[in-house]
Amino acid sequence: MRGPALFDALAGELARPTSGADRVTTFLVGWLATGKFISSFAVLFGVGAGLLAGKAWSRGWSAHRLLARRYTMLAGFGLAHMLLLFPGDVLFAYAITGFALLLFLRVQPRTAWWWGVGIIAALTVVTTLFVALAAALEDLVPQAEPEDPFTEAMSGFFDGRREATIAAYTDGSVGDILGARAFEALLIQSGTLLTVPWLLGLFLLGFAATRSGMATDLAGHRPLLRRLAIGGLAVGLPTNLVLGMVGTVGAATGTTADLELTWVEVSASAAQLLAAPLLAVGYLAALSLLALRAGTWRPLAAVGQMALTAYLTQSLVTTVVFVGLGTYDQWTSTSALAVVGGVWILLLVGCPLWLRWFRFGPVEWVWRSWTYRGWQPLRRERAA
-18 MRGPALFDAL
-8 AGELARPTSG
2 ADRVTTFLVG
12 WLATGKFISS
22 FAVLFGVGAG
32 LLAGKAWSRG
42 WSAHRLLARR
52 YTMLAGFGLA
62 HMLLLFPGDV
72 LFAYAITGFA
82 LLLFLRVQPR
92 TAWWWGVGII
102 AALTVVTTLF
112 VALAAALEDL
122 VPQAEPEDPF
132 TEAMSGFFDG
142 RREATIAAYT
152 DGSVGDILGA
162 RAFEALLIQS
172 GTLLTVPWLL
182 GLFLLGFAAT
192 RSGMATDLAG
202 HRPLLRRLAI
212 GGLAVGLPTN
222 LVLGMVGTVG
232 AATGTTADLE
242 LTWVEVSASA
252 AQLLAAPLLA
262 VGYLAALSLL
272 ALRAGTWRPL
282 AAVGQMALTA
292 YLTQSLVTTV
302 VFVGLGTYDQ
312 WTSTSALAVV
322 GGVWILLLVG
332 CPLWLRWFRF
342 GPVEWVWRSW
352 TYRGWQPLRR
362 ERAA
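Structural data, given as structure tokens:
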């Protein structure tokens, strides 16, 4: 399941749409992908935490210490990733959320479930009300005049940073690119860290799924999986339409930041927080049923087994293509999607080949060795 979840990170590489075909691409990605697969990853992260905690307890180890070491290394991967490759990294936020999850390791599955549902529901209500209030007050609050010194200074600053970033990515030195990455990472991560409570809610849902036995006995939970798949898709598909509309409308009017707060933005806030996870659950349940019926597709399973390596690899490849070749500002949504397809082919071919000879992906091997405080065997034993 982690294999398909990597698509969301790749979809984030798409450029702003400039044509009809680009707008269709942007709409479909927003509707079917944006927010859905990062939600899936968060749920699966919780599933993994439950599995590791159970393994630690069965061996008489401290699950808190084991997971704390794991999340410390993940935070290090995230910092390196955001500064060197992709400022929109999610690993660092996942690591911080993982530390918060440690507070819930000993709670009952039903308690973890209700905590997860409650956190997501509360955040959805509060955030949507806040955005709706901002939209209602927008016409009542006098807008800053163009000559306002503060507004003019901030606008000039960010315009200058945007131009400097594009210049760095198209024709800059390594130092210029790293400087642009650091500034982008500071801005993006300050917002990403605000999603930690939302991620915690999703982590808890996955953790509850493992501790209740559902994630480890899918065949025994077919009826529940069917209900989750049907409900998640039936409710999630129509309620996520607004996420496709936001990017498309924003492209047609200039930039999303130029849009006035409208019902689209109000609806999008609720869709991102609640509807996207609903559709993600539908995806996960449907994939589980498909795997039970038809078996796991080996190439996709291999990508999932090497999910962290694959995530970093796709960032490396897209950085080389979009930045290293100096073509950062020359890609449309449709042409960038072709790069996404190329990276996917690379992963679907490369990951199974790697796992023919090795037990883990290279990054997973380092991560696992750090977690268990000793180098883990990497090469597979070949029959004589």
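If you read the sequence shown in this note's numbering, its first letter stands for residue -18, the second for the next number, and so on. Glycine residues also receive a C-beta, built at the ideal position from the N, C-alpha and C atoms. All figures in this text were calculated on a predicted structure; none of them were measured in a lab.
Segment limits, alpha helix (DSSP H) that includes Thr176: That residue, Thr176, is in no alpha helix (DSSP H); it is neither H nor E in DSSP.
Near Leu289, which residues of its chain fall below 6 angstroms by C-beta distance, leaving aside the five closest residues on each side in sequence? Val344 and Glu345
Look at the alpha carbon of Leu240 and the alpha carbon of Val227, and state the distance between them as a whole number of angstroms. Low local confidence applies: a pLDDT of 43 at Leu240 is under 50, so the model's placement there is unreliable, with the coordinate-based value given in what follows. Each residue's alpha carbon lies about 10 angstroms from the other.
Provide the residue(s) that pair with Phe339 in DSSP beta bridges, ordered along the chain. Arg360
For Ser20, which of helix, strand or coil comes out of DSSP? helix
Cα separation between Ala249 and Ala215? 18 angstroms
Are the CB atoms of Leu72 and Ala56 nearer to each other than 9 angstroms? yes
Is Thr108 helix, strand or coil by DSSP? Residue state, collapsed to three classes: helix.
Cut-off 8 angstroms between Cβ atoms - residues of its own chain near Ile100, not counting five sequence neighbours on either side: Pro178, Trp179, Leu181, Gly182 and Leu185
Nearest candidate by alpha-carbon position, reference Val88, set Gly35, Gly69, Leu65 and Phe111: Gly35
Mapping the DSSP letters down to three states, classify Val71 as helix, strand or coil. coil
Mind reading off the beta-carbon distance from Leu359 to Arg340? Whole number of angstroms is fine, and I expect it under 8 angstroms. 6 angstroms
Classify Ser250 as helix, strand or coil using the three-state DSSP reduction. Of the three classes helix, strand and coil, the one that applies to Ser250 here is helix, per DSSP.
Using the Cα positions of Tyr369 and Leu218, report the straight-line distance between them to the nearest angstrom. Since the first residue of the chain shown is -18 and the last is 365, residue 369 is not available in this structure.
Go through its chain and collect everything with a Cβ distance to Cys332's Cβ below 6 angstroms, but skip five positions before and after it. Ala283, Val284 and Met287
Leaving out five residues on either side along the sequence, give the residues of the same chain with a beta carbon under 8 angstroms from the beta carbon of Val98. Gly182 and Leu186
I need the DSSP call for Val216, collapsed to helix, strand or coil. helix
Can you tell me whether DSSP reads Tyr52 as helix, strand or coil? Here Tyr52 sits in helix by DSSP.
Using beta-carbon positions only, say whether Gly79 and Phe26 come within less than 9 angstroms of one another. yes
Measuring CB to CB, does Leu224 end up less than 9 angstroms from Gly41? no
Close-in-space but distant-in-sequence residues of the same chain around Thr352 (CB under 6 angstroms, 5 per side omitted): Arg50 and Arg51
To which residues of the same chain is Arg207 closer than 6 angstroms at the C-beta, ignoring the five residues directly before and after it? none
Please state whether DSSP places Val88 in a helix, a strand or coil. coil
What's the call for Arg192, buried or exposed, on a 16-neighbour Cβ count within 10 Å? buried
Simplified DSSP assignment, three categories, for Leu271: helix
Which residue comes first and which comes last in the alpha helix (DSSP H) that contains Leu293? Ala288 to Thr300
Are at least three pairs of beta-carbons, each pair with one atom in the region 263 to 270 and one in the region 310 to 318, less than 8 angstroms apart? no
Which listed residue (Arg274, Ala163, Ile77 and Asp198) has its alpha carbon closest to that of Thr176: Ile77
Between Ala210 and Leu259, is the Cβ-Cβ spacing less than 9 angstroms? no
Grab the span of the alpha helix (DSSP H) containing Met304 for me, first residue to last. Note on identity: in this sequence residue 304 is Val, with Met being the wrong assignment. No alpha helix (DSSP H) contains Val304, which DSSP labels as neither H nor E.
Alpha helix (DSSP H) segments (min. 4 residues) lying fully within the region 151 to 207: 155 to 173 and 177 to 192
Expressed to the nearest angstrom, what Euclidean distance is found between the alpha-carbon atoms of Ala375 and Leu199? What is shown of the chain runs -18 to 365, which leaves residue 375 out entirely.
What are the boundary residues of the alpha helix (DSSP H) that includes Arg4? Gly1 to Leu13
Assumed close pair Leu273, Arg203 - CB separation to whole angstroms, cut-off 8 angstroms: 7 angstroms
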